[in-house]
Structures are given as structure tokens and as C-alpha cells.
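Counting along the sequence shown from 1, when you hit position 72 you're at 72 in the UniProt record's numbering, and nothing is skipped either side.
In this text, a Cβ means the ideal position worked out from N, Cα and C, and glycines have one as well.
Worksheet for the structure shown next.
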Amino acid sequence: MRARQRVTRGAAIGALLAYSGVVIALTMLKQFFRIGYLWDPAKQPFVGYSFIPFHEIFTASSWFGTLFGYGGNLAFFVPVGLLLYVIFGRVKWATIVGGGFSLAIEAAQFFAQLGYTDVDDFIMNTVGAFVGATLARWCGPKMHRVWIGLTFAAVAVFIGLVLAGDSLGGPSRVKQL
């Protein structure tokens, strides 16, 4: 492996670790911080589970919430797939490891009672990792540094939003989905 590839791979590992922190914070730790009034931390120890695939599609009271949930979970793991492709160089391994990461999060949510465990989250996260890895393969190695940079930028924005906390909005603007 050439020195430039090692640097890129090392940076991808760093970006993946940083982004994994964001994923864990947003899936399991929302009761401990606030981004404006996007959610109410007091209502976040929402614990439950759904092991029936795509059950929400048929039972949800809002199409927006369902679309946001499925689309959001898919989009949430695209960076994971992009970075795993940079690290492993194979769509198959990026998808398997991305799915494994999602499964670990869902299991941790279930056993630690820190969130809502949903088979649909696992499915859509795995699809997101596949989409990200496929995109990274299509775009080629010239884009690897771009994916890494964008991921670090997203992590920095997340940290900034968390640090800004309550200053980003008032309680009158909170909308419950």
C-alpha cells in the first residue's frame, strides 16, 4: 500500500470513529443533550421495540413521520458506507460491517434500554451503508478525500449544534411528530 493510500485510509478510520460517535449520540444518548428544541430530552428515554419489518408503513398516523424515519435512517448510514468502502475497498465488506454496526446499536438500545429498537432501522441503515459504498465505488478514489472531509465537517457541525444547545430556539417552536 502506498503512503498516500495509508494516509487516506487512516483519515477514513478517524472520520468513521468520529461519525460513529455522532451516530451513537443521536440514537442512544438524546436524553443527555439538546440541539435547540429539535427534541425534548425529558421525552427521549423512549424505550420500546419493533421486530416486525415495515410494520410502521401500515400503522403510522403520519406519512411524513414514516418517510422521515425510513429516509433518515438510510441517509444516516450513507457516510458509514462511504468511509467503510474507503477503508476496505469492497462494497460487500462495507455493507456487512455497516449492517453489523447498525445491529450492534439496535442491540445496545434494546439491552441498555436507551432508545427504540426497530428492525426497520437495521434494514434501512444497512441499505444506507450499501448506497454509500456503491457511491464511493462509482465516484472512485479521487473522491475519497472529499468523503473524509465532508464527514469531519458534519461531525464539527454536530458538535457546534450541541454546544449551542438551547440558544437555537424557544420551547414555543417545538413540534411533536
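For residue 128, which residues does DSSP report across the bridge?
-> In the sequence shown, the residue the question calls residue 128 occupies position 128. Per DSSP, none; premise fails for residue 128.
Only counting runs of 3 or more residues, tell me where the beta strand (DSSP E) segments fall wholly within the region 87-150, in order along the chain.
-> Runs of the beta strand (DSSP E) inside the region 87-150: 116-118.
Nearest-angstrom beta carbon gap, residue 133 and residue 94 [assumed within contact, 8 Å] = By 1-based counting over the sequence shown, the position of residue 94 is 94. By 1-based counting over the sequence shown, the position of residue 133 is 133. About 4 Å separates the beta carbon of residue 94 from that of residue 133, a gap short enough to meet the 8 Å contact definition.
Could you check how far apart the C-beta atoms of residue 70 and residue 124 are, in whole angstroms? I think they sit under 8 Å.
-> By one-based count along the sequence shown, residue 70 stands at place 70. By one-based count along the sequence shown, residue 124 stands at place 124. Contact flag correct, Cβ pair sits at about 5 Å.
Tell me whether the beta-carbon of residue 129 lies closer than 8 Å to the beta-carbon of residue 99.
-> Within the sequence shown, the letter at position 129 stands for residue 129. Within the sequence shown, the letter at position 99 stands for residue 99. It is a contact, given that the beta carbons lie within the stated cut-off.
What runs of the alpha helix (DSSP H), each 4 residues or longer, lie entirely inside the region 48-94?
-> Here the runs fully enclosed are 55-59, 63-76 and 78-88.
Compute the Euclidean distance between the alpha carbons of residue 30 and residue 163, then round it to the nearest angstrom.
-> For the purposes of this step, residue 30 is taken as the residue at position 30 of the sequence shown. For the purposes of this step, residue 163 is taken as the residue at position 163 of the sequence shown. Each residue's alpha carbon lies about 14 Å from the other.
Beta-carbon proximity of residue 131 to residue 78, cut-off 8 Å | Numbered from its first residue, the sequence shown carries residue 131 at position 131. Numbered from its first residue, the sequence shown carries residue 78 at position 78. The Cβ-Cβ distance between residue 131 and residue 78 falls below 8 Å.
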